[in-house]
Structure formats: structure tokens, C-alpha cells
Amino acid sequence: MAHVWSGHPSSLKRLFFTEMWERFSFYGLNAVLVLFLTKEAHIPEDLALIIFGSYVTYVYLSTTIAGFLADRLYGYAKVAFMGGVLILLGHITMALSGLEFNLFYFGLGCIATGTGLLKPNVSVMVGKLYSDEQEDMRVQGFNIYYMGINIGAVIAPIAVGFVAEKVSWHAGFGLAAIGMALGLYIFKRGEKNFPANCKISNQTLINSRVAGIKLHYLICIMLVALAAIFATLLANPIQSTVVSGICLVILGGYIISLWRKLTSEERSKVWIILVLSLFSVSYWTLSNQTIASLPIFIDRVVKLHYFGIDLPASSISSFYSLILIILAPIIAWFWSFTQKINHEPGYAGKFTIGLAIATTAFIFIIFGIMQAEHVGKMSLLWILLCYSLLGFGELCISPNGLALVTKYAPQNLSGIMMGLWWMINAFAGLTAGLVAQLIGFQSTAQLKVDQQLPIYQSGFIKVTILGIIITSVLFLIRKKIDERS
13 MAHVWSGHPS SLKRLFFTEM WERFSFYGLN AVLVLFLTKE AHIPEDLALI
63 IFGSYVTYVY LSTTIAGFLA DRLYGYAKVA FMGGVLILLG HITMALSGLE
113 FNLFYFGLGC IATGTGLLKP NVSVMVGKLY SDEQEDMRVQ GFNIYYMGIN
163 IGAVIAPIAV GFVAEKVSWH AGFGLAAIGM ALGLYIFKRG EKNFPANCKI
213 SNQTLINSRV AGIKLHYLIC IMLVALAAIF ATLLANPIQS TVVSGICLVI
263 LGGYIISLWR KLTSEERSKV WIILVLSLFS VSYWTLSNQT IASLPIFIDR
313 VVKLHYFGID LPASSISSFY SLILIILAPI IAWFWSFTQK INHEPGYAGK
363 FTIGLAIATT AFIFIIFGIM QAEHVGKMSL LWILLCYSLL GFGELCISPN
413 GLALVTKYAP QNLSGIMMGL WWMINAFAGL TAGLVAQLIG FQSTAQLKVD
463 QQLPIYQSGF IKVTILGIII TSVLFLIRKK IDERS
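Per this note's numbering, the very first residue in the sequence shown carries number 13; after that it's consecutive.
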């Protein structure tokens, strides 16, 4: 594997393994969250999907705070570490929630807040390892970094899913905590070697006092308070949806105020980021079904008994990440090849390809349901085909989206723009939860498998049509977007 790191800064390896273990904890939780809520906590499917969607939304809403703290106060490395500490606290709290269920929501709130702090700042750090003249290396670096994410994501659903479903749910949460602890250790050990532009801090402001209290301590208190607010909203799913809508309006106002401060050249580049972020939301709405609707679907109507082993439904999502690992170097090579022959698609072109392939993934689910109507439970093969196409779509969109932001964001707003990218994508959690409800889980809970299948088929047809419409819109405007690049 040594050749993978050849020519890249040494800190890329630290960030690779840090994010690998952070993603282990994150995807381990995601793999079991909806199943825990419906099977263990006995929360109705529609409310469980809202809780899931709200949780994902809060993860990414927290990213705007991360950008501000990194750009104005602590620097990217420090904020990422603070986020990791909150994530670790959240997993430990959830592991103890068997003693008091409200601890579950507080732990989930801590993870949402901490992930929002860590994820965008580590992404910015990867981008800042390279100069403007190293654009090709930057994209390759993000693909390597992305491979680290997906190694953690492959291991997590199998390990955490097995422990959660076969031992106890809270033991699964505890295993996720161990993963985050490893990530924090690796990050801290390599901190001294991170580039100086990742550690620029305003110590004067950090040490200033407000009402006699150091600003640093006030910020720590506010972050824990934010986690508590998220916890309260997650415990009340309907109110949480209303708050998410209000946040969407506030986000619109924030973008307008930011827009007014930009130069004409900056506006042209930020416009590309904003437009493609909306189509990124559309992709993640589809992709998030792998941790929203599909675990319930798999648990109910997909055959999971093979070679004398009953596979946990939550473990299947590891295949999705395995596909990402397999395809990542192939797609990276393909983009490099198209560049050499002067036929590389622009950012919008790559997004169009990704959305089209992701939409096609759900056609395999529909075919699988049609086949299952004759033989009983649906074959797992159809799920694996669906996940393969969703993974292909992700590799067309996510690495290019991160590279897009680090390339076009105004220099003094790198953290804020990365946070804004994730904040807009935050609403994919909410939209994924809403789209999942189109599939009709609530009306099928007490039905036999053969009675559930036609309802699911109708729901997935709706999802597919939605994907076709969105992909068609991007296809029609892609050239206009790429002309601005």
C-alpha cells in the first residue's frame, strides 16, 4: 500500500486513519439506529424515520458552527479534536442509556454536534495539504481519504451490527465508542505534524472574558447545551421537523447575507457550489435510504439466512462501503484517463452521472420485489446490486463535491463554505426520512410478506420517478454550470 501515499503529504495518512475510526463509530451507529428505535424502543416506523432524519440533519447543521469556530477562533485541527471528544462522550452515554432512556437522546445529540464539528474540518485539512497548483493531487488525496472513510464503514456495520443484534444494543454503542477513542488517539499523536495553516488560532480572543468567564469555557458550555437542545428535539420528532423547517429559512437568509459580501468573481464560484450542493442533497436523499428505509425493508422481506447463518439486517450496509473501496481507485483512474484524452466531464457532468446511476439503483429493488412475489422473500442479490449502483453514484458526487468546495471557496471563508456545503446537505437527512415514508412501512407492519411486497413496490416506483425528474433537470443545465468552472 506504500505506493498509495507516494507524493502525498505525510499528514494525509494520519487524517486517513483518524477518519477511518471516526467513521467506524458513525456508521456503526447509523447501521443499527433505525432498527434499535423500531425493534428495541418500539417507536412507530414513521416517527423512527423522522428521528433518524432529524439526527442526520442536526449532524450537518452543526457544521456551520464548526466553520465559524475554525476560521475565527481555534483553527481546523483544534475544532476537529473538540468534535471527536463530543462524539466519544455521546457513544459512552448511549452505551449507558439502558439505565435511563433519556441518556440515549442526549448521546445522540452529542454525536450530532461532535460530528458536525469534526467532519468538515478534517475535510478542509485534507484540502489544505495541497497548493493551488496541485489540483490533481488534491483530488487524488480526497479519493485516498475517502477510501479510509469507507474502510471504517465496511467494518462498522458487521462488528457493531453483530454485537448490537446478537449481544445487546447498548454493547453495540459501546463498541462504537472504542472506535472513536482510537480515532482521537491517532489524531492527537499526529497533531504536531499538521500544516501551520490548519492550526492558526486567535489566542487573544479565545482567552478573552465575557461576564468574567473565559470565552473558551463559554463555548464549551454552549456546545454541550446545543447537544441537549438536539436531544430534546429528537425526543419530540414532530417539533423537530418544524424546527428543521425554520432552520431552512434561516439558512436562506444566511446565504443571502454572505452573498452580498462577495466580489463578482467570488460570486461566480460560490454560485457553482450552491447549485451543485442542491443536487448533492438529492443524491444523499436517495443514498440515505441505505440507513433509513432499507434496513427495515431488509429486516422484513429479504432472505438473510445463508449457509446456516442468520445475517443481522444491519450488517448488510457494510457491502455498500465495500463497493466504495473497490470502485474508488477504478473511478479515480477513469477520471484521470478522461483528463488525459481531454474528455473529462466537469463537476456538473460528474454529478449528473452520479444521480442517474443512483436513480437506476432503485429499479433493481423494483425488479427484486417482482421476483419475490413468486418465490417468497426477496433475494439479497437485488439489495447488493442496488447498493453497488448507489456506491458508484456516491463516488461521482462526494469526492468531487469536497474538491469543488476547497477549490472555489474564497480563501478567508474555507471553513465557513465547507460548513455551508454540509449544512445544505444536512437537509438530505430530513428529506430522506420523508421520502422513506413514501414506501409505506407504517401500513405494512402487521402484514405478511406477500402482502407487504406490492406496497413496497409502489413506494419504490415513486422514489425512482422522483430521481428521474431531478436527474433530468441537472442534465439540462449541466453545460451552463460547467462553463462557469
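Every residue gets a Cβ at the ideal spot worked out from N, C-alpha and C, and that includes glycine. Computed from a predicted structure; not experimentally measured.
- Under DSSP, V222 shares a beta bridge with I225.
- V175 and T253 have their alpha carbons spaced roughly 31 angstroms apart.
- A contact is defined here as three or more CB-CB pairs under 8 angstroms, and the stretch 373 to 390 meets this definition with respect to the stretch 459 to 468.
- Within the DSSP secondary-structure output, I321 pairs in a beta bridge with Y318.
- Counting of Cβ neighbours within 10 angstroms places W345 among the exposed residues, the total staying below 16.
- Within the same chain, F48 and E52 come within 6 angstroms of W181 by CB-CB distance, once the 5 residues on both sides are set aside.
- Short of 7 angstroms from the beta carbon of I335, and not among the five residues preceding or following it, lie these beta carbons of its own chain, in chain order: Y399, S400 and G403.
- The way I'd put it, the stretch 16 to 27 does touch the stretch 194 to 203; three or more beta-carbon pairs between them come closer than 8 angstroms.
- For L488, the number of other beta carbons within 10 angstroms of its own is below 16, and it is reported as exposed.
- By the criterion of a C-beta distance shorter than 6 angstroms, I163 is surrounded in its chain by M32, once the five residues flanking it on both sides are discounted.
- Secondary structure note for N133: its alpha helix (DSSP H) is the uninterrupted segment N114 to G139.
- Sequence-distant partners of L414 (beyond 5 residues in either direction) whose C-beta falls short of 6 angstroms from its own C-beta, in its chain, are S135 and F154.
- Boundaries of the alpha helix (DSSP H) harbouring P466: V461 to R496, taken from the DSSP string.
- In chain order, N42 place their CB closer than 6 angstroms to the CB of I303, counting only its own chain and leaving out the 5 sequence neighbours on each side.
- DSSP places V91 inside the alpha helix (DSSP H), whose first and last residues are Y88 to A107.
- According to DSSP, M390 shares a beta bridge with V314.
- Here the alpha carbons of V461 and G126 stand approximately 40 angstroms from one another.
- Comparing alpha carbon positions, the residue from Y39, L367, I156 and T371 closest to H103 is Y39.
- Nearest Cα to C232 within the set N354, L194 and A78: A78.
- Per DSSP, the unbroken alpha helix (DSSP H) holding A193 starts and ends at W181 to G202.
- Secondary structure at A448: helix, using DSSP grouped into helix, strand and coil.
- Taken atom to atom, the span from the alpha-carbon of D322 to that of N437 is near 35 angstroms.
- Taking the Cβ atoms as the reference, E34 lies roughly 7 angstroms from G96, within the contact range of under 8 angstroms.
- Using a C-beta cut-off of 8 angstroms, the stretch 164 to 171 makes no contact with the stretch 235 to 252, since fewer than three inter-stretch Cβ pairs fall below that distance.
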